[in-house]
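Asks: For the sequence shown, our numbering puts the final residue at 339, and the numbers step up evenly by one. Glycine residues also receive a C-beta, built at the ideal position from the N, C-alpha and C atoms. Note that the structure is predicted; figures quoted are calculated from it, not measured.
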Amino acid sequence: MIIQCEKCHTKFNLDESLLKKEGVRVRCSVCKHIFLASPPEQGLGVSDETADFSLQELEKTVALDSSVVQEEATGAEPKNQGIDFDNLFDESMKDIDELEAMLPEEPLPVSEEEETDIEKPEPAGEEEVEEPTSVDLEEKEDSIESEKPVTPPEPEKRGKSRILLVIFIIILMAVSAGIYIFFRAPQLIPSFLSFLKPAERQAATDIGVKRLDFKAVTGSFVKSEHSGRFFVIQGLVKNNYPKSRSYILIKGTILDNKQNVIMKKLVYAGNMLSKEEIQTMSLDEINKSMKNRNGKDDKNINVAAGTIIPFTIVFSNLEDPENLGEFTVEAVSSSIGAK
1 MIIQCEKCHT KFNLDESLLK KEGVRVRCSV CKHIFLASPP EQGLGVSDET ADFSLQELEK
61 TVALDSSVVQ EEATGAEPKN QGIDFDNLFD ESMKDIDELE AMLPEEPLPV SEEEETDIEK
121 PEPAGEEEVE EPTSVDLEEK EDSIESEKPV TPPEPEKRGK SRILLVIFII ILMAVSAGIY
181 IFFRAPQLIP SFLSFLKPAE RQAATDIGVK RLDFKAVTGS FVKSEHSGRF FVIQGLVKNN
241 YPKSRSYILI KGTILDNKQN VIMKKLVYAG NMLSKEEIQT MSLDEINKSM KNRNGKDDKN
301 INVAAGTIIP FTIVFSNLED PENLGEFTVE AVSSSIGAK
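#1: In the DSSP assignment, what residue or residues form a beta bridge with Ile167?
#2: Val30 by DSSP, collapsed to three states: which one?
#3: On a CA-only basis, which of Ala305, Ser227, Ala304 and Glu330 is nearest Asn287? Give me that one, please.
#4: Compute the distance between the beta-carbons of Leu172 and Ala331, then report whether it is under 9 Å.
#5: Name the residue from Ile313, Ala177, Arg27 and Pro40 whose alpha carbon lies nearest to the alpha carbon of Glu6.
#6: Pick helix, strand or coil for Glu225, following the three-state DSSP scheme.
#7: Check Gly159 in the structure and name its three-state DSSP category.
#8: When you compare each of Val314, Lys160 and Ala37 to Ile278 by their alpha carbons, which one comes out closest?
#9: For Asn239, which residues does DSSP report across the bridge?
#10: Taking C-alpha atoms, which residue in Pro186, Phe182, Met281 and Gly235 lies nearest to Lys223?
#11: Specify, as a first and last residue, the run of the alpha helix (DSSP H) that Lys288 falls within.
#12: Have a look at Val30, Ser334 and Asn260 and flag the residue whose alpha-carbon is nearest the alpha-carbon of His9.
#13: Identify whether Leu172 lies in helix, strand or coil by the three-state DSSP scheme.
#14: Across which residues does DSSP place Asn13 in a beta bridge pair?
#15: DSSP state of Val267, grouped into three classes?
#16: Could you pull the start and end residues of the alpha helix (DSSP H) that Lys299 belongs to?
#17: Considering only their Cβ atoms, is the gap separating Ile248 from Ala216 smaller than 9 Å?
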């Protein structure tokens, strides 16, 4: 029988023995369009064997070879031109709808290797007819899905991480070197970065105390006839400077058992008070004697190198004498002597 492609209108000579009454999907070998081909009539020589094909076989497509019978450019009409394909399509429309309902929404293309060449059909009645390779629709869908391009995972940014790590190590080394130079070798800092150099430590000005040493320092309680109980610190201070010193000032401090300062007092050296004088003198007389800058008999003026002079520090008004822990004595200042 003669069928015509719905798209490119190419005509083909198709063996009716390949058609079933429900119709067979065929593909045009010219434009690759797939359409349904049905037998001309229900009673036109369709064998029982052809009618017994399963629904799965109906889903196969038959490739039409354009080399069989293509319409000539001269307009020659092929045989059986009088067949009305529209009526045949209408009669099998219901069957087509049922068939398409069982198939995916978009018919899957079948490879050319799976198509049947209609020019070499063999009798339908023979059991060993070489049929087109059956295609399982579900397997076909799986293969199509597997063919979809898979977006490859983004490559790990190892290169970038390594660059950042190297930069971090370089910065860390530079900072470490800068800190070392700043504290250990500031002379290596360039002149244009002089503002980074640490401030030079000014030599501590000697206020005349570095070479003053104390000897025979003692502390004791003395009961006064006028002002109660005193705590008295007495001792000697030696001038170890190469030249004479004058106006040596000394500070005495009393601490409690917890090392807290209870009282402190400033006195000049060269003022020695005996125990009897402390007991009989008033507190004002004692303080006036300790504040004598020149010292008794000018002993605190031009103290020659290596000379030792005495000093006395008297503390009064002690709230809790029993809480005294210890005392300290230190030189506060001295001046260069005139000799």
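Replies: Once the coordinates are examined:
#1: DSSP, once it has assigned bridges, lists no residue as partnering Ile167.
#2: coil
#3: Ranking Ala305, Ser227, Ala304 and Glu330 by Cα distance to Asn287 puts Ser227 first.
#4: no
#5: Arg27
#6: Looking at Glu225 - three-state DSSP - the assignment turns out to be coil, as it is neither helix nor strand.
#7: helix
#8: For the residues Val314, Lys160 and Ala37, the minimum Cα distance to Ile278 belongs to Val314.
#9: Its beta-bridge partners are Leu212.
#10: Of Pro186, Phe182, Met281 and Gly235, the residue nearest in Cα terms is Met281.
#11: Lys288 -> alpha helix (DSSP H) spans Leu283 to Met290.
#12: Val30
#13: helix
#14: Ile2
#15: strand
#16: Where Lys299 is concerned, there is no enclosing alpha helix (DSSP H), given that its DSSP letter is neither H nor E.
#17: No, the Cβ-Cβ distance between Ala216 and Ile248 is not below 9 Å.
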